[in-house]
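Worksheet for the structure shown next.
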Amino acid sequence: MLWFKYFKSKIPQIGVFLLMSAIYIVTFWLWHLPMMAFFNSTLFALIIFVVYLISSYFRWKAMREAVERVMKDNQALQKKLDQQNLAEREMEDIIRVWSHQMKVPLAAIDLMTQTQIDPKELKNQVFSLENYLKILLEYQRINNLATDFRFEKVSMSLLAKELVKKYSSFFIQKNLSIQIEGEWLVNSDQRWLSLAIEQLLNNAVKYTKEGGILIQIKPGEIRIQDTGIGILKEDVPRLFEHGFTGYNGRIQQKSTGLGLYLAKLILDKLEFQIAISSEIGEGTCVMIKKE
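With the UniProt record's numbering applied, the sequence shown corresponds to residues 1 to 291, in that order.
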């Protein structure tokens, strides 16, 4: 294949050689020169031309390989540059959405200081601020993560119970039931896994007004089922995009669109699969699996 490409690139030189050979033949024929001299001189010229082609081929091949290496290096650099630009744009978008959403609890706290402070509501708003700040900080960490994972046996049941305990005030305030069933001992990083599941539980509590949350655990799978407002079918495929809040999130004015994005980012790095199914008015089910 390379020889074919090489000869294709040398067509002008070969054409010139053939033309000179034709002129040579005509000259010998018109002047009735000895044909032996013609054959000897032609053979000598042909040998020189073949040597030139062979040496030129190896130079051409080396140059082609060098050009291909440079092109591959340029493509790799361009890919890294594109990834860097994408990361910068995503970070700008995340900070923009995050800073906008931070205004909500801050405005609520400011209003309470001007009227009457409700201790429970104040605690909820501070909790929201802490969660938003955690999302931003952990997003930065997960994107710059090298060897921060510490894998160990993690009890999903104990992990879920700790998170439910953390959100107990919300369950009590909203009069929501909570049920945890089953067990799954999985080899993973407890800190990051807990952060991912916390974002899912946070969403479940946030969008559930009545009823409760069921956490079903079995080896290889955990399901978080709520009786909340549900998600539009057309919004489900985009739930893990950063900054996407969905119709219900915009209506409720409670969503940054960053929690699910961070959860998916973490679960991907921990090699878990996540899927969401939902019906409007029927609730949402989040499924996390690992083969």
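Even for Gly, the Cβ is constructed at its ideal location relative to N, Cα and C.
The model shown is predicted, which means the values in this text are computed figures rather than measured ones.
Here lysine 289 is exposed: its Cβ has fewer than 16 other Cβ atoms, across all protein chains shown, within 10 Å. Per DSSP, valine 26 is one residue of the alpha helix (DSSP H) stretching across 11-30. Taking every protein chain shown into account, the CB of asparagine 175 has fewer than 16 other CB atoms within 10 angstroms, so this residue is exposed. In the same chain as glycine 283, and ignoring 5 residues on each side of it, the C-beta atoms closer than 7 Å to its own belong to Gln225, Asp226, Thr227, Gly228 and Gly230, in chain order. Beta-bridge annotation (DSSP): phenylalanine 151 is paired with Asp189. Burial is judged here by how many other beta carbons sit within 10 angstroms of a residue's own beta carbon; valine 186 has at least 16 and is buried. In the three-state reduction of the DSSP assignment, isoleucine 54 falls in the helix class. Excluding five sequence positions before and after glutamine 273, the CB atoms of its chain that fall closer than 6 Å to its own CB belong to Lys289, given in chain order.
If you draw a straight line from the Cα of methionine 36 to the Cα of arginine 59, it is about 35 Å long.
By the beta-carbon neighbour count (other beta carbons within 10 angstroms, threshold 16), lysine 79 is exposed. By DSSP's assignment, arginine 223 forms a beta bridge with Gln216 and Met287. Using a Cβ distance threshold of 7 Å, glutamate 183 and isoleucine 217 count as a contacting pair.
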